[in-house]
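In UniProt numbering, the protein residues as written are 1 to 143. These notes concern the structure reproduced below.
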């Protein structure tokens, strides 16, 4: 990989009416881009669903919400699962190294807000050669 190869990492969030840039950076490797995305995924997950013992909450800082139906998305759980899954991380790395963008988008079940983590190469994906139709093969006569 040449020194000129770079990746853009971006984190966005929003609701049904608008979106906001929450952060972004450029890196020199796909692996570092994934490290940055994992850090941002945990930051968002911890902000949406902090540990009750978190020092900055103080006593009574959290209120237990009723359990939501399983059909509703659980953004913090989805983000944490993505971070710890070696299968997801390997797939994401392969995708980036091969020049394809990575997009992870989750929706918070309580607020309806969405969060999107993206990484992409600044080097465009090489175009596939055009498909050429060839004449059908002639049948071979066996004697």
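Where a beta carbon is used, it is the ideal one built from N, C-alpha and C, also for glycine.
7 Å Cβ shell around residue i - same chain, five flanking residues per side excluded
i           : result
residue 38  : 83
residue 112 : 15 and 16
C-alpha distance - residue i paired with residue j, whole-angstrom precision
i           : j           : result
residue 1   : residue 13  : Note that residue 1 scores a pLDDT of 42, beneath 50, so its modelled location is shaky; the value from the coordinates is reported in the next line. Using only the alpha carbons, I get a separation of about 32 Å.
residue 81  : residue 27  : 24 Å
residue 94  : residue 18  : 31 Å
residue 15  : residue 114 : 6 Å
residue 119 : residue 44  : 16 Å
residue 107 : residue 99  : 26 Å
residue 88  : residue 110 : 25 Å
Residue from the options whose Cα sits closest to the Cα of residue i
i          : options            : result
residue 50 : 113, 75, 26 and 85 : 75
residue 78 : 123, 48, 23 and 6  : 48
Beta-carbon spacing of residue i, residue j below 7 Å
i           : j           : result
residue 25  : residue 9   : yes
residue 117 : residue 41  : yes
residue 11  : residue 23  : yes
residue 96  : residue 104 : no
Contact test: residue i Cβ vs the ligand PLP heavy atom, cutoff 6 Å
i           : result
residue 117 : You won't find the ligand PLP in this model; it holds no ligand whatsoever.
Proximal residues to residue i (C-beta, below 6 Å), its chain only, five neighbours per side dropped
i         : result
residue 5 : 123
Min CB distance residue i to chain B below 7 Å
i          : result
residue 49 : Checking the listed chains, one finds no chain B in this structure; it contains a single protein chain.
Cβ shell of residue i (< 8 Å), same chain only, five flanking positions each side left out
i         : result
residue 7 : 26, 27, 28, 29, 30, 32, 33, 96, 119, 120, 121 and 122
**Study point:** Contained alpha helix (DSSP H) runs [length at least 4] in the stretch 73 to 129, N- to C-terminal order
**Key:** For the stretch 73 to 129, whole alpha helix (DSSP H) runs of length 4 or above, ordered along the chain, are 75 to 84 and 86 to 97.
Review point. Curious, which full-length alpha helix (DSSP H) runs of at least 4 residues does the stretch 22 to 55 contain?
Key: Runs found: 30 to 48.
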